[in-house]
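All remarks here apply to the structure that follows.
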Amino acid sequence: MDEEKIWSEIGPDGFERITAAFYQGVRRDSLLGPMYPADDWEGAEHRLALFLKFRFGQDQTYLEERGHPRLRMRHMPFQIGEAERDRWLDLMASALESENVAPDTREAMMTFFSGVADFMRNR
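Its first residue numbered 1, the sequence shown is counted upward by one per residue in the UniProt record's numbering.
Dropping the structure here:
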């Protein structure tokens, strides 16, 4: 995966838009929506945007605010099975498409997301 290409194509503002589009879907979703704290949608959106900018752009703000990602540990309190994984991936794919991310970039990002989402499964 060519993170530099992804970063140059999407940029920090693009990752903010992708994250906003993703969370629009999550808020309406009957499976994933209830997993998020109703009083912290903005916080969840902010954290994901920071993580994506860290992962694809080496922006250090995520590390400064949150420390090491420790994704599996952070997601352990939530019951994540195949259905939750697949829904998360579907919503992210829709967000990338809504932001007109180029097909090759979208494919590279979804390959990354698929691996991470599968790793988050705990049931």
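Positions of the beta carbon are idealized from the N, C-alpha and C atoms, including for glycine.
Subject >> Three-state secondary structure (DSSP) of Q24 >> reply: In the three-state reduction of the DSSP assignment, Q24 falls in the helix class.
Original post:
Touching or not, the region 95-107 and the region 35-51, by the rule of three or more beta carbon pairs under 8 Å?
Top reply: Not touching, per the Cβ criterion.
Subject >> Closest by C-alpha distance to R123, when choosing among M1, S94, L96, R85 >> reply: Nearest neighbour of R123 by Cα position, chosen from M1, S94, L96, R85, turns out to be R85.
Original post:
What is the DSSP secondary structure of F80, reduced to helix, strand or coil?
Top reply: The sequence shown places Ile at residue 80, rather than the Phe named in the question. Looking at I80 - three-state DSSP - the assignment turns out to be coil, as it is neither helix nor strand.
Original post:
Expressed to the nearest angstrom, what Euclidean distance is found between the alpha-carbon atoms of T6 and A21?
Top reply: It is Ile, not Thr, that sits at residue 6 in the sequence shown. Just so you know, the alpha carbons of I6 and A21 end up roughly 18 Å apart.
Original post:
To the nearest angstrom, how far is it from the Cα of G25 to the Cα of L91?
Top reply: Rounded to the nearest angstrom, the two C-alpha atoms are 6 Å apart.
Subject >> Short Cβ contact (7 Å threshold) for E45 with T19 >> reply: In this structure, T19 lies closer than 7 Å to E45 by Cβ.
Original post:
Of all the options G14, E3, L89, M1, which has the alpha carbon lying nearest to the alpha carbon of L31?
Top reply: Per the Cα distances, L89.
Original post:
Where M76 and E82 are concerned, what is the direct C-alpha to C-alpha distance, given to the nearest angstrom?
Top reply: Approximately 15 Å between the Cα atoms of the pair.
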